[in-house]
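Visitor: Residue numbers (our numbering): 65 to 217.
All residues carry an ideal CB built from backbone N, CA and C; glycine is no exception.
First the structure, then my questions, so here it is.
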Ligand code: UDP
Ligand code: MG
């Protein structure tokens with residue numbers, strides 16, 4: 065099973081759609097194994113969005129991500145990284161497919177509701193960035209036989 069990182073951005077917190085967005089992951093069959101609220105620092109964002117650090121708009125991305133606390137979640141499932149990216153949709157909310165979180169809730173590139181790790185390697189790094197080991201839980205999900213065939217696990 066893979067674990068991936070999701071951040072519910074200030075656009076989700078302020079618009080009061082946290083429950084709805086979290087519910088989408090739960091209904092899909094993904095297990096929440098870590099969840100907390102935190103205020104992101106400059107240092108964390110410079111690391112997290114290092115690939116955008118030299119862009120002229122990096123300052124506004126940082127401001128946007130610090131506009132309120134965010135919720136960080138560790139989500140577990142078979143191929144969780146890919147599944148969660150698919151549920152999230154493409155970066156620009158105006159292009160994102162209806163049915164995806166960004167496609168259903170957003171009109172913006174920046175204010176696009178969620179962050180999701182883009183590969184298993186990135187997920188491992190990002191989970192360490194936001195969670196300590198004892199904040200990610202290993203607990204049985206009694207639904208497993210109804211979520212997967214036993215030869216999928
Ligand atoms: N972003 C932006 N303008 C851009 C590119 C990115 O505001 O031209 C923001 C947007 O919120 C995006 C985040 O920076 O979600 C990270 O960008 P990335 O290209 O990694 O997109 P993602 O992986 O989130 O789809
Ligand atoms: Mg990205």
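(1) Would you tell me roughly how many angstroms separate the C-alpha atoms of residue 231 and residue 126, rounded to the nearest one?
(2) Which residue marks the beginning of the alpha helix (DSSP H) containing residue 104, and which one marks its end?
(3) Thinking C-beta only, is residue 98 closer than 8 angstroms to residue 195?
(4) Whole angstroms are fine: how far does the CA of residue 145 sit from the CA of residue 70?
(5) Quick one: what does DSSP say residue 78 is sitting in, helix, strand or coil?
(6) Does DSSP put residue 138 in a helix, a strand or coil?
(7) Along the chain, where does the beta strand (DSSP E) that runs through residue 67 open and close?
(8) Under 7 angstroms: does the beta carbon of residue 182 sit that close to some heavy atom of ligand 2?
(9) For residue 76, count neighbouring C-beta atoms within 10 Å of its own C-beta (all shown protein chains included) and say buried if the count is 16 or more, exposed if not.
(10) Excluding five sequence neighbours on each side, which residues of the same chain lie with their C-beta closer than 7 angstroms to the C-beta of residue 93?
(11) Under the criterion of a Cβ to heavy atom distance below 7 angstroms, does residue 86 qualify as lining ligand 1?
Guide: Inspection of the coordinates gives the following:
(1) This structure cannot settle anything about residue 231, because the visible part of the chain is limited to 65 through 217.
(2) Translated into the one-based positions of the chain shown, residue 104 becomes position 40. Note, residue 104: premise wrong, no alpha helix (DSSP H); not H, not E.
(3) Residue numbering aside, residue 195 sits at position 131 when the chain shown is read from its first letter. Residue numbering aside, residue 98 sits at position 34 when the chain shown is read from its first letter. Contact: yes.
(4) Taking the chain shown and counting its residues from 1, the one referred to as residue 70 is at position 6. Taking the chain shown and counting its residues from 1, the one referred to as residue 145 is at position 81. For the pair residue 70 and residue 145, the Cα-to-Cα distance works out to about 10 angstroms.
(5) As a working mapping, residue 78 is identified with position 14 in the chain shown. Helix at residue 78.
(6) Taking the chain shown and counting its residues from 1, one reaches residue 138 at position 74. DSSP places residue 138 in the strand class (E or B) of the three-state scheme.
(7) Translated into positions along the chain shown, residue 67 becomes position 3. Unbroken beta strand (DSSP E) run through residue 67: 66–72.
(8) Position 118 of the chain shown, counted from the first residue, corresponds to residue 182. At a cut-off of 7 angstroms, the beta-carbon of residue 182 counts as near ligand 2: some heavy atom of the ligand is closer than that.
(9) Locating residue 76 in the chain shown gives position 12, where the first residue counts as 1. Under this definition residue 76 is a buried residue.
(10) Along the chain shown, read from residue 1 onward, the residue named residue 93 stands at position 29. So the qualifying residues of the chain are 141, 211.
(11) Taking the chain shown and counting its residues from 1, the one referred to as residue 86 is at position 22. In this structure, ligand 1 has no non-hydrogen atom nearer than 7 angstroms to the beta-carbon of residue 86.
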